[in-house]
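**Student:**
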Amino acid sequence: AGRAVVVAPDGSVYVTGVLGGIVDVVFGNDAGGNPVTLKHPCNGDPQMFVAKYDAAGKPVWVAGTASSSTSDTAQAGGYGIDVDAAGNVYVTGRFLGLNLRFCDADAARAACPEAFCSEALTSQNSTSGSQYTFDLFVAKYDSAGSIQWLTRAGNDSDVFVESEIGNSDAIDGTAVFVTGTLLGDTI
83 AGRAVVVAPD
93 GSVYVTGVLG
103 GIVDVVFGND
113 AGGNPVTLKH
123 PCNGDPQMFV
133 AKYDAAGKPV
143 WVAGTASSST
153 SDTAQAGGYG
163 IDVDAAGNVY
173 VTGRFLGLNL
183 RFCDADAARA
193 ACPEAFCSEA
203 LTSQNSTSGS
213 QYTFDLFVAK
223 YDSAGSIQWL
233 TRAGNDSDVF
243 VESEIGNSDA
253 IDGTAVFVTG
263 TLLGDTI
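When you line the sequence shown up against our numbering, it's residues 83 to 269, in that order.
Okay, structure coming up:
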């Protein structure tokens, strides 16, 4: 499901959200008639996606997240998106689990893409140590869908649903501002 959309100054449209299940998702055919597909992660956990469409509504690329193995539980959802003047894309959202991989657009097209995704995050353990809790992430992609950087924030709250959610972000040229909801007293 799409959660947020932004239109860039050049007319490109960017969408982020969350997909679940073991299924490949075709976002449409690009300008050359080729399908733009996000391959499912091998473990089927819900994953974040970010997609770029050109001004004519044709998909250009799609990137996403995946767990590092079928035995790891990791899931994510994109909740906010923005683009700067250079076409860099900033996505905020929430994630939980061990070794969640953030995939470039090229890696996201591979079967079981987690093997090709280099950037990874792990969320905080709960205070009991028995389960991961949701943390906030911010990811930057360039205009071609390559991940540039990635960061997380969170706490060890035992609240397992809606812990930290990045709802929106804004860019002023040198900084990214993020808003969201925090359950707990520290981040």
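Virtual Cβ for every residue (Gly too), placed ideally from N, Cα, C.
Spell out the partners DSSP gives N111 in its beta bridges.
**Tutor:** Bridge partners of N111 according to DSSP: P117.
**Student:** Near G169, which residues of its chain fall below 8 Å by C-beta distance, leaving aside the five closest residues on each side in sequence?
**Tutor:** A90, D92, S94, D224, S225
**Student:** On the DSSP letters alone, give me the boundaries of the beta strand (DSSP E) that T285 sits inside.
**Tutor:** Residue 285 lies beyond the stretch modelled for the chain, which goes from 83 to 269, so this question has no answer here.
**Student:** Per DSSP, what kind of secondary structure is A83 in: helix, strand or coil?
**Tutor:** coil
**Student:** So D188 is in the beta strand (DSSP E); what residue range does that whole segment cover?
**Tutor:** D188 -> no beta strand (DSSP E), and no H or E assigned at all.
**Student:** Under a three-way DSSP split, which group does A138 fall into?
**Tutor:** coil
**Student:** What distance in whole Å lies between the Cβ atoms of V171 and V132, which are believed to be in contact at a cut-off of 8 Å?
**Tutor:** Yes, they are in contact, since the Cβ atoms of V132 and V171 sit about 6 Å apart, within 8 Å.
**Student:** Please classify V142 as buried or exposed, where buried requires at least 16 neighbouring CB atoms within 10 angstroms.
**Tutor:** buried
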